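Engineer: Residues in the sequence shown are numbered consecutively from 24, following our numbering. Okay, handing you the structure first.
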Amino acid sequence: MDAAFHVKPFAFDRIFTTAQPVVRDTAGELATLNAELDLLKLRFDSEIAIARADGFEAGLAQAREEISAALLAATDALHASIETVESAFEAIEERLSGVAAEVAMAAADGLAGHALALDPTVAIDAAIGRVLTQVARGQELRVRVHPDLAERMEAVIAERQSRDRRRLSLTVLPDPAQAIGDALITWEQGGLALDQAARRAAILAELGIDHPPA
């Protein structure tokens, strides 16, 4: 037998061990991943909420600015409209005042003319009555009237004397300077002029108009 060939006995009692497989903790890893996902979701939702809040505030601020500008423009327009309306009312009031004065003047002229047409001596007799209440008893009064009214005024004075127990000292003087319906009543201490202008002024005063239209 060749010396290079050598047979060794097999050790049947030798124990061989196989490598154990590595078991990963899958459940733990999944739980960790889920926790991380939940955290990321919370952060994402928080960022979204912040972004929405910022956007809402920005939009709200812009809306406030737009509303403020619109309100300012509306206020300016309203003030301009009010000024226009006030100017229009003032113009209307002036026109109405002028028309009212013209109507009042026409009414005064109409009333005076109507009174003259009925009896021009009525107003003169009323003026004599007012004077008699202001002067002393027996005071002589001189009544100047248009010549066409002299005779009628004497008849009116005679009628007045018949109703008054005291003696009246009244003298009618024809005066061409007096218009029909006008009169000038004089006495020692004063006088009273009765004319159409005075009657018109009295009627205007009753109507509450201080100044007649120009």
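Note that the Cβ used here is the ideal one computed from N, Cα and C, for glycine as well. It should be emphasised that the depicted structure is a prediction, and the values quoted were computed from it without experimental measurement.
1) Which residues share a DSSP beta bridge with P197?
2) Express the C-alpha separation of E88 and L94 in angstroms, rounding to a whole number.
3) By the 10 Å Cβ neighbour count, where 16 or more other Cβ atoms means buried, how is R190 classified, buried or exposed?
4) Ignore the nearest five residues each way along the sequence and tell me which others in E177's own chain have a CB closer than 8 Å to its CB.
5) Is it right to say A146 is buried, meaning 16 or more other beta carbons lie within 10 angstroms of its own, or is it exposed?
6) Do you know whose CA, among R175, A159, R160, lies nearest D148's CA?
7) Which value, in whole angstroms, describes the spacing of the CA atoms of A92 and R66?
8) How about A206 and R165: are their beta carbons less than 8 Å apart?
9) Indicate the three-state DSSP secondary structure (helix, strand or coil) for I208 in the structure shown.
10) Alpha carbon to alpha carbon, how far is A86 from A103? Give it in angstroms, no decimals.
11) Can you give the Cα-Cα distance for A220 and E113, rounded to whole angstroms?
12) S192 and E163: beta carbons closer than 8 Å?
13) P197 and A216 look like a contact to me (Cβ under 8 Å); what is the Cβ gap, rounded to whole Å?
14) Nearest CA to the CA of V171: which residue from A228, A200, A76?
15) So for L95, helix, strand or coil by DSSP?
16) Determine the extent of the beta strand (DSSP E) in which E155 is found, giving its start and end residues.
17) Whole angstroms is fine: what's the gap from T55's alpha carbon to D77's?
18) Buried or exposed: T144, going by 16 or more other Cβ atoms within 10 Å of its Cβ?
Structural biologist: Quick answer:
1) V168
2) 10 Å
3) exposed
4) V195
5) buried
6) R175
7) 39 Å
8) no
9) strand
10) 25 Å
11) 30 Å
12) yes
13) About 17 Å separates the two Cβ atoms, so there is no contact after all.
14) In the sequence as displayed, the identity of residue 171 is Asp instead of Val. Among A228, A200, A76, the Cα nearest to that of D171 is on A200.
15) helix
16) Here the sequence assigns Leu to residue 155, which means Glu is not the residue at that position. Here L155 belongs to no beta strand (DSSP E); instead the alpha helix (DSSP H) covers 144-155.
17) 33 Å
18) buried
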